[in-house]
Amino acid sequence: QVQLQESGPGLVKPSETLSLTCTVSGDSISSYYWSWIRQPPGEGLEWIGYISYSGSTSYNPSLKSRVTISVDTSKNRFSLKLSSVTAADTAVYYCARGAGTYFQHWGQGTLVTVSS
Amino acid sequence: DIQMTQSPSSVSASVGDRVTISCRASQGISSWLAWYQQKPGKAPKFLIYAASSLQSGVPSRFSGSGSGTDFTLTISSLQPEDFATYYCQQANSLPWTFGQGTKVEIK
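From first to last, the protein sequence lines stand for chains A and B. For the first sequence, our numbering puts the final residue at 116, and the numbers step up evenly by one. For the second sequence, our numbering puts the final residue at 223, and the numbers step up evenly by one.
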């Protein structure tokens, strides 16, 4: 059974870069599509972007200029970097595995607060 | 971007009730629609894909229907563990987008 676990700082200062890692167990990261999704407190879900098994990426245009998703196949994990953060980026960040279109397996989520 | 609009935003129901949640896309998405269930403090759980296909392990009281722009999630007989927020998601075109959610509350 695939498991995903997010990790990274829970507090980031405004204008800095948010960095999170998703470690995958029970499956090879060299298959499927691996996404980041976020949810501001009390709000709905927003897809941030994905990296595919082939290494191709796709980002939400609303965040594209600030987002980078990368993969480390040797450690079976993938990462999110979001630059120039503001309070509007405060959210629970989820990593998820999908077959390209849907999100079948999710990590438990990690809350990232942007504050000085 | 394709906008997904769910209705109602919340519904109060009792155990055993039939509950129906609607999801409308701002443009046609064929059957590229999924439904998720989210409980407080937890990650969403994948329930239905391709508008009407039940994910393995999901109880048969959940069903989905629709195509094009109008979709429905039905819970045939609400159980205590079904009280949660439900989201639809379109997978027809990037960026993938979600509805704003429908909260199913205890009456």
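Just so it is clear, CB atoms sit at the ideal spot from N, CA and C, and this is done for glycine as well.
Practice task
Answer yes or no: does any C-beta atom of chain B fall closer than 7 Å to that of A:Tyr126?
Solution key: Look at the range of chain A in this structure, 1 to 116, and you will see that residue 126 of chain A is not part of it.
Handout entry: Helix, strand or coil at A:Arg141 [DSSP, three-state]
Key = With chain A covering 1 to 116 only, the question about residue 141 of chain A has no answer from this structure.
Problem - First and last residue of the uninterrupted beta strand (DSSP E) at B:Val220 - result: For the purposes of this step, residue 220 of chain B is taken as residue 104 along the second sequence, with counting starting at 1. That run of the beta strand (DSSP E) goes 218-222.
Handout entry: C-alpha distance - A:Asp72 paired with B:Tyr203, whole-angstrom precision
Key = Counting from one through the first sequence, the residue named residue 72 of chain A turns up at place 72. Counting from one through the second sequence, the residue named residue 203 of chain B turns up at place 87. For A:Asp72 and B:Tyr203, the distance between alpha carbons rounds to 31 Å.
Problem - Reduced DSSP secondary structure (H/G/I, E/B, other) of A:Thr23 - result: Residue 23 of chain A sits at position 23 when you count from the first residue of the first sequence. Residue state, collapsed to three classes: strand.
Problem - Reference A:His155; option with closest CA among B:Gly182, B:Lys158, B:Ile191, B:Val220 - result: There is no way to answer for residue 155 of chain A, as the model of chain A reaches only from 1 to 116.
Practice task
Determine the closest residue to A:Leu20 out of A:Gln39, A:Ser7, A:Lys13, A:Ile29, with distance taken between C-alpha atoms.
Solution key: For this step, residue 20 of chain A is matched to residue 20 along the first sequence. Measuring from the Cα of A:Leu20, the nearest candidate turns out to be A:Ser7.
Problem - Distance between A:Ala99 and A:Leu45 (C-alpha atoms, nearest Å) - result: As a position in the first sequence, residue 45 of chain A is number 45, starting the count at 1. As a position in the first sequence, residue 99 of chain A is number 99, starting the count at 1. So the two alpha carbons sit approximately 19 Å from each other.
Problem - Terminal residues of the beta strand (DSSP E) in which A:Gln108 lies - result: Working through the first sequence from its first residue, we reach residue 108 of chain A at position 108. Looking at the DSSP string, A:Gln108 is not in any beta strand (DSSP E), and its letter there is neither H nor E.
Practice task
State the DSSP-derived secondary structure class of A:Lys13, mapped to helix, strand or coil.
Solution key: Here residue 13 of chain A refers to the residue found at position 13 when the first sequence is read from its first residue. In this structure, A:Lys13 counts as coil in the three-state DSSP scheme.
Practice task
Flag this pair as yes or no: are the beta carbons of B:Ala167 and B:Leu149 separated by less than 7 Å?
Solution key: On the second sequence, position 51 is the one that residue 167 of chain B refers to. On the second sequence, position 33 is the one that residue 149 of chain B refers to. Contact flag set, yes.
Practice task
Spell out whether any CB of chain B is found under 7 Å from the CB atom of A:Leu111.
Solution key: Residue mapping note: residue 111 of chain A aligns to position 111 of the first sequence, counting from 1. No, no contact with chain B.
Problem - Rounded C-alpha distance that separates B:Phe199 from B:Gln153 - result: Taking the first residue of the second sequence as 1, we reach residue 199 of chain B at position 83. Taking the first residue of the second sequence as 1, we reach residue 153 of chain B at position 37. Cα to Cα, the separation comes out at about 9 Å.
Problem - the segment 171-180 of chain B contacting the segment 81-92 of chain A, beta-carbon criterion three pairs below 8 Å - result: no
Exercise for the section: For the segment 155-170 of chain B, enumerate the residues whose C-beta is nearer than 8 Å to any C-beta of chain A, in chain order. Expected result: Look at the segment 155-170 of chain B: the residues with a C-beta under 8 Å from a C-beta of chain A are Lys158, Ala159, Pro160, Lys161, Phe162, Tyr165.
Practice task
For B:Pro211, return the contacting residues in chain A, with the cut-off set at a CB-CB distance below 7 Å.
Solution key: Residue numbering aside, residue 211 of chain B sits at position 95 when the second sequence is read from its first letter. The contacting residues are Trp47, Asn60, Pro61.
Handout entry: Closer than 7 Å to chain A by CB, B:Gln119
Key = As a first step, residue 119 of chain B must be located in the second sequence, where it is residue number 3. No, B:Gln119 does not count as interfacial toward chain A.
Exercise for the section: Using a Cβ-Cβ cut-off of less than 7 Å, list which residues of the segment 77-110 of chain A approach chain B; keep chain order. Expected result: Cβ contacts with chain B come from Tyr94, Thr101, Tyr102, Phe103, Gln104, Trp106, Gly107, Gln108, Gly109.
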